[in-house]
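Q:
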Amino acid sequence: MIPKPAPTNGKRVTVFLNGKPCTAAEGESILDVALRNGLTIPHFCTHEDLPTDANCRTCLVEIEGEGTVVTSCTLTAKDGLRVRLDTPNVVRLRTENMELLFGDYRANSPRTRHGYWSRTAEEIERLKVSGQKYKRDDPNRPLHIMGSAAEFDPTLCIACNKCVEACQMIGISHLTLEGKGSKTRVGFNQHPKNDCIYCGQCTAHCPVEAIREQSHLEKVIDALRDPSKTVIVQTAPSVRASVGEGFGVPIGTDLTEKLATAYRKLGFNYVFDVNMGADITTMVEAEELVERLQAKWNYAEGKSKKKPIPGPMFTSCCPGWVKFVEFYHPELIPNLTTARSPQIHSGGAYKTWWAEQEGLNPKDIVVVSTMPCTSKKYESTFEHLSINGIKPVDYVLTTRELITLLKTRNIDLPSLKPSAIDRAGTYSGAGAIYGASGGVMESALRTAYYLLTGKELPGITFEPVRGFDGFKKASVKIGKRTIKLAVVAMPKNMWKLLGELKKDPDAYDYVEAMACPGGCIGGGGQPIPSTFAIVKERIRGLYNIDDRMTMRRAHENPVVQEYFEYLKKVPAAKRRALLYRTYGKKAKGE
Amino acid sequence: MAAPANIIEKIEKAGIIGRGGAEYPAHLKWRAVRNASVTPKYVICNVSEREPGVFKDYHILAHNLPTVMTGLTLAMETVGATEGVINLNAIYEKKFKKELDTAIADASKRGFKIRIFEEAPSYIGGEETALLNAMEGKRCEPRLKPPFPTQSGLYGKPTLIHNVETLFDIALVAQGKYEGKRYFSISGAVDSIGVYHLPASLTVQKVLQQTKNEPKEEYFVQVGGGASGTVINQEQASTTMIGGTAALTVHLLAEDPRTLVLDWLKFYRAESCGKCTPCREGTYQLLKMMEESRSIPWKKMESLFDVLEQTSFCALGRSVPVPLKSYAANVLPLRT
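Protein chains in written order, with the numbering used here: chain P, 90 to 679; chain Z, 6 to 341.
1. For P/L139, does the three-state DSSP call read helix, strand or coil?
2. Can you pull the chain P residues whose beta carbon is under 9 Å from the beta carbon of Z/T288, in chain order?
3. Can you find a CB in chain P that lies within less than 9 Å of the CB of Z/A275?
4. Does Z/L267 get closer than 9 Å to chain P when you measure Cβ to Cβ?
5. Counting only beta-carbon atoms, is P/T209 nearer than 9 Å to chain Z?
6. Z/A232 and Z/F272: beta carbons closer than 9 Å?
7. If you compare alpha carbons, which of P/Y669, P/Y223, P/L667 and P/M235 is closest to Z/Y289?
8. According to the neighbour-count rule (16 or more other Cβ atoms, all chains shown, within 10 Å of its Cβ), is P/A661 buried or exposed?
9. Can you grab the Cα-Cα spacing for the pair P/W386 / P/G543, in whole Å?
10. Classify Z/S157: buried if its beta carbon has 16 or more other beta carbons within 10 angstroms, exposed otherwise.
11. Can you tell me whether DSSP reads P/E153 as helix, strand or coil?
12. Using a Cβ-Cβ cut-off of 7 Å (strictly less than) and excluding sequence neighbours within five positions of Z/Y160, which residues of its own chain qualify?
13. Where does P/D680 fall in DSSP's three states?
14. Taking Cβ positions only, does P/N186 come closer than 9 Å to chain Z?
15. Tell me, please, whether the CB atom of Z/G130 is closer than 9 Å to any CB atom in chain P?
16. Mind checking the stretch 225-242 of chain Z against chain P and listing, in chain order, the residues whose C-beta falls within less than 8 Å of any C-beta there?
17. Note the first and the last residue of the continuous alpha helix (DSSP H) segment covering Z/F101.
18. Buried or exposed: which applies to Z/E133, given that a residue is buried once 16 or more other Cβ atoms fall within 10 Å of its Cβ?
19. Identify, in the order they occur along the chain, each residue of the same chain with its Cβ nearer than 6 Å to the Cβ of Z/Y201, setting aside the five sequence neighbours on each side.
20. Roughly how many angstroms lie between the CA atoms of P/L182 and P/F133, to the nearest whole one?
21. Please name the residue, chosen from P/L174, P/F560 and P/A533, that lies closest to P/T370 on a Cα-to-Cα basis.
22. Does the distance from the CB of P/F357 to the CB of P/V322 come in under 9 Å?
23. What residue does the alpha helix (DSSP H) around P/R171 start on, and which one ends it?
24. Just checking: is the beta-carbon of P/T550 within a distance shorter than 9 Å of some beta-carbon in chain Z?
25. How many angstroms separate the CA atom of P/F361 from the CA atom of Z/K305?
26. Counting contacts by CB-CB distance shorter than 9 Å, is Z/D311 in contact with chain P?
27. Contact between the stretch 236-244 of chain P and the stretch 290-301 of chain P is defined here as three or more beta-carbon pairs at a separation below 8 Å; is this criterion met?
28. Using a Cβ-Cβ cut-off of 9 Å, state whether Z/F153 counts as contacting chain P.
29. Looking at C-alpha atoms only, which residue of P/L495, P/H473, P/C406 and P/S464 is the closest neighbour of P/Y484?
30. Can you tell me whether DSSP reads P/V576 as helix, strand or coil?
31. Just to confirm the assignment, what range does the beta strand (DSSP E) spanning Z/K186 have?
32. How long is the line joining the alpha carbons of P/T129 and P/T209, rounded to whole angstroms?
33. Distance, Cα to Cα, P/L124 vs Z/W303?
34. Where are the beta strand (DSSP E) runs, 3 residues long or more, that stay fully inside the stretch 241-318 of chain P, in chain order?
35. Against chain Z, which members of the stretch 128-148 of chain P pass a CB distance test of less than 7 Å?
36. Measuring alpha carbon to alpha carbon, tell me which residue in Z/L203, Z/L258 and Z/E170 is nearest Z/V236.
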């Protein structure tokens, strides 16, 4: 993880941690100072983007001289403060608190029960917690299922409140804490007008794997073992820049090629890429954007009597955002682009065009996506996205599940030799930046500009839509016309956007919306910890990939061109099924 | 009555301290809220009373409501509060609603805006920041301090919170009638369970004698509340002064230790708010240990006592071992 940098404002002071002088900003927490200086203190309920709750009581330290034991997350730096991090009393007390938190963890966790590597189990072991001293209250409470994306396991919950705060922070507030005393666990907003959008931010903020993705590990392993199946893996744009975090690799390092080797070691038959799908999405979406814009312009200029759809076109590659629209604002469904999402586009291509090329029966192909996302699991289950009864994507593994699988198989990703992805996974730089908030829009603009003008977008990059900001506004001039753009990340900014659109439906022409902070790169399926600072580093990694590529526009991708040639030859209904989708109002829990 | 100009100095001189149990000097709170530049400000009269053996707030409401209202409006006027809130444990709310509504209407005529907050009964509600959370519709669990309520209290605004007895005492100071007395709740194995207004400086034994409540048989006393109070034996009662909450719960030495310990643990298990690990999980484990054991598993309980005492988030958790450890040290050795 990235240690929190010292605040630049405030008075500098020196504190002594285990006798070692450390510079700190006055008032900073001793936990932050210690972590920045490479000292370890166990902690479970702190997350730098969320409020300090100080409820796990494990980050204990002893104040020298006084002998009092306090939590280091709440102890603030003042000049000359001397603390000890692991006196016998500190170790004894924090171990006891951890024994209380992790009573029967291994027995209760499905990961450890089924022999998988578990981040939490490893941490508990490292901290010398037996997990055997206590049995926690109510061990038989059932799982709470969140759509087909995530699940909450009350037997592992330590009531740290991070998921609740993460859900609040992004602007949904579906989670609450319920109950009293040892019955305290996560609860769910029962209000009929409040629902989960499956973004999985709760799962990315859970320190103990209690609220987590619904596992597809077993199904993927079964498929890999089945000799009658051709198993394809396709990697989402964001995964390559974050999977290394599970192995201590610097954040943002592009591991595309080492990952290709790892997939082959795991037994995948073909290594493709969701970036290829992203290039398809860009083509379809850019074309639709151009159509919608022209319809608007023609109507405004009196060239056509046909009333255009009012308001902007919305991106739809984020299933969390789609669920947000379908549940909270179904009246805006016509504004969603009809383009399918990248994994569904490429999955469909592999099970039709590629299968035909290879002479494979699509029923024998298993497509596995690795995704920074939990809502992509939900999307993969939609029957209405099937083509001739065949689902484009069979299973989705989150980045965390991918790390789990690699660690379980003792595959040390960073030490592997690089290898190339298979040709059908070829992608452009436009596909690569899909993972960052603003990336989908930038990719679509590169192609839309070409479609509208026959020329390439001058200066390929489009800086105004880049960056971590949750609500970015920009405009681009195409000929004599100006296109107004907005890029939003997180529901709290979606609410703001909808407020603006209520006042002026035509405030924007094109809007990209993503459920997670920073876009998919800050997704709910990403490694833990996932902090704003870490997400920013990962974003840098994604743009580096684009910068290094010679092919940076979706319409230049030869594989995509080939696929579109193929599409010209298939019946119109099949073409429509492969490229477009529909939406519908969603009920709570749907 | 109008607030005397130098009321804060008078409170300081009279040595008024918080009667909710924390004994914090009242004048410091008043100054902090009066001097705070943020507005609006609030004054809260806390009648959360929920600990077994403590029932003096009830008595004060029943007998001295006008004086309490005087204290409350004095406080509002002095610190510049726009609103006063009486936090009433829901059981008391039913009992005193009519009288309180009348008193609030009277205060309203004098320009004071006061409302009642009906609190779902909980022990943790006596912790002032937990109370603030409950009043804001949040989970009733304590907040991190600092900031203290005097800086950032109800809705993040400067807030003066006093137990109902403290406001009563302050009204007496303003009226020149304060005599250094306080209310004692006396219960348990005594002849006359009740609330008594007596000098604050008496020993436990003197209080029992003056109220004709000293048992004839050998006894021990839990001082400071029937849950969190310290247990002392008969000999100690003759020298122990009463700090914190003035509640004396009298037990006979012959009482069954297991029942006593179980009662304490059941109370804490039920009242732990669930915020921090030692209290949330520890109180459950302690009760389970006790229920599963024939004797009292003191040795096994020790490590839980330690984390409760040294690492709990608030005073509730820290107080769990108090009755148990003092009972083991002061009373158990006397049983033969």
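From the three backbone atoms N, C-alpha and C, an ideal C-beta is built for every residue, glycine too.
A: On the basis of the data shown:
1. The three-state reading of DSSP puts P/L139 in coil, since its state is none of H, G, I, E or B.
2. Contacts between Z/T288 and chain P, judged by CB atoms closer than 9 Å, involve G270 and S271 in chain order.
3. So yes, Z/A275 belongs to the interface.
4. Z/L267 does not count as touching chain P.
5. Taking 9 Å as the CB threshold, P/T209 stays off the interface with chain Z.
6. A distance below 9 Å separates the beta carbons of Z/A232 and Z/F272.
7. Closest option to Z/Y289, Cα to Cα, is P/Y223.
8. Label assigned to P/A661: exposed.
9. If you take the alpha carbons of P/W386 and P/G543, they lie about 18 Å apart.
10. So Z/S157 ends up on the buried side.
11. Reduced to three states, the DSSP call for P/E153 is coil.
12. Closer than 7 Å at the Cβ level, and outside the excluded window around Z/Y160, lie E141.
13. Because chain P is modelled from 90 through 679, residue 680 of chain P falls outside the range shown and cannot be assessed.
14. Residue contact check for P/N186 against chain Z: a CB pair falls below 9 Å.
15. Output row for Z/G130: interface = no.
16. Per Cβ criterion, the list is empty.
17. Where Z/F101 is concerned, the enclosing alpha helix (DSSP H) stretches over A95 to K114.
18. By the neighbour-count rule (16 or more Cβ atoms within 10 Å), Z/E133 is buried.
19. In the same chain as Z/Y201, and ignoring 5 residues on each side of it, the C-beta atoms closer than 6 Å to its own belong to F189 and T216, in chain order.
20. Taking C-alpha positions only, P/L182 is separated from P/F133 by approximately 15 Å.
21. Just measuring C-alpha positions, the residue of P/L174, P/F560 and P/A533 sitting nearest P/T370 is P/A533.
22. Yes, these two residues count as a Cβ contact at 9 Å.
23. Element bounds for P/R171: not the alpha helix (DSSP H) but the beta strand (DSSP E), R171 to R173.
24. No, its Cβ sits nowhere closer than 9 Å to a Cβ of chain Z.
25. Distance between the alpha carbons of P/F361 and Z/K305 is about 58 Å.
26. Taking 9 Å as the CB threshold, Z/D311 lines the interface with chain P.
27. Touching, yes, given that three or more Cβ pairs across the two stretches are closer than 8 Å.
28. Under the Cβ distance rule, Z/F153 does not count among the residues neighbouring chain P, no pair being separated by less than 9 Å.
29. The shortest C-alpha separation from P/Y484 is found at P/S464.
30. In the structure shown, P/V576 adopts extended strand secondary structure according to DSSP, grouped into three states.
31. K186 to G193 is the extent of the beta strand (DSSP E) around Z/K186.
32. In this structure, the CA atom of P/T129 is about 16 Å from the CA atom of P/T209.
33. When rounded, the distance between both Cα atoms is 38 Å.
34. 264-267, 274-277 and 300-302, all fully within the stretch 241-318 of chain P.
35. Those would be T141, A143, N144, C145 and R146, in chain order.
36. The shortest Cα separation from Z/V236 among Z/L203, Z/L258 and Z/E170 belongs to Z/L258.
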